[in-house]
Amino acid sequence: MDVNIIFQIAAVGILVSVLNQVLIRAGREEQAMLTTLAGLVVVLFSVITHINNLFMAVRDLFKL
Amino acid sequence: MLATKIISFAIISVILIITLRRQLPEYAIILSIISCIFIFFMVLPQFNNIFIALESLTQNFNIHSNYILALIKIIGIAYICEFASQICIDAGEGAIAKKIELSGKILIISCSIPILNDLMELVLNLI
């Protein structure tokens with residue numbers, strides 16, 4: 000359970016938001032939307048692993 | 000100290016979430032999910048100790064172990080449903096949160112039906 004994951008996700012979020020603003024100002028809104036979606040997919044991959052860990056731990060702990 | 004670790008972690012993640020919320024609300028929700036999961040994992044060993052102590056208590060006092068097992072399951076269901084429901088409320092989906100709570104209540108009732116049966120039998124045997 001590495002605490003740095005929080006900082007990694009926040010860094011990806013800030014990077015994507017900066018890219019979003021730059022692309023919107025440059026007039027390419029569809030690419031901005033695609034960048035947001037791509038960052039979201041990347042972050043979701045690691046989040047799903049952690050949610051899986053949570054459910055495994057809860058199932059073992061509470062003997063569900 | 001565990002409490003200060005949890006509190007500092009929570010404050011840092013809250014600040015990061017607020018930073019992201021205005022620009023990209025999806026990342027804010029994902030970050031809040033992850034910080035909830037991490038805080039729970041920090042407290043997990045304490046849960047284990049509590050349950051072990053509870054089990055030793057039941058063995059000393061000859062309480063039927065099925066009851067304590069059902070109780071622990073009910074606590075687990077309640078925790079998971081409250082976790083998901085609060086995340087939905089944070090995301091602005093109050094309706095989904097209420098449905099999650101409703102399903103949690105139904106699951107808890109279905110978990111406790113054997114205990115109710117035993118209670119009824121006990122009462123009928125006494126009469």
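Protein chains in written order, with numbering that gives the first Met the number 0: chain A, 0 to 63; chain B, 0 to 126. C-beta: ideal position from N, C-alpha, C; glycine also. The structure displayed is predicted, hence computed values, not measured ones.
When DSSP states are grouped into helix, strand and coil, Leu-39/A belongs to the helix group. Beyond the five residues adjoining it in sequence on each side, Leu-19/B comes within less than 8 Å, by CB distance, of Tyr-26, Ala-27 and Leu-30 in the same chain, given in chain order.
Contact note: Val-41/A does not reach chain B at a C-beta cutoff of 8 Å; the least C-beta distance is about 11 Å.
Interface residue (Cβ-Cβ distance to chain A less than 9 Å): Leu-15/B is classified as such. Ala-9/A counts as buried, since no fewer than 16 other beta carbons sit within 10 angstroms of its beta carbon.
In the pairwise beta carbon analysis, the stretch 37-46 of chain B is classified as not touching the stretch 93-106 of chain B: fewer than three pairs are separated by under 8 Å.
Cα atoms of Ala-2/B and Phe-39/B: separation of roughly 12 Å, rounded to the nearest angstrom. The alpha-carbon of Leu-15/B is positioned some 13 Å away from that of Leu-14/A. Using a CB distance below 8 Å, the part of the stretch 70-83 of chain B facing chain A consists of Ile-71, Lys-72, Ile-74, Gly-75, Ile-76, Tyr-78 and Ile-79, ordered along the chain.
Every unbroken stretch of the alpha helix (DSSP H) spanning 4 or more residues and falling wholly within the stretch 39-89 of chain B is given here in chain order: 64-89. Collapsing the DSSP output to three states places Lys-62/A in coil.
In this structure, the alpha-carbon of Ala-25/A lies about 19 Å from that of Gly-38/A. If you draw a straight line from the Cα of Ile-114/B to the Cα of Tyr-66/B, it is about 7 Å long. DSSP places Ile-126/B in no alpha helix (DSSP H); its state is neither H nor E. Scanning chain A for C-beta atoms nearer than 8 Å to the C-beta of Asn-47/B yields Leu-60, reported in chain order.
Contact between Leu-23/B and Thr-34/A is absent: CB atoms are separated by about 11 Å, not below the 8 Å threshold. In this structure Ala-52/B is exposed. Its beta-carbon is surrounded by fewer than 16 other beta-carbon atoms within 10 angstroms.
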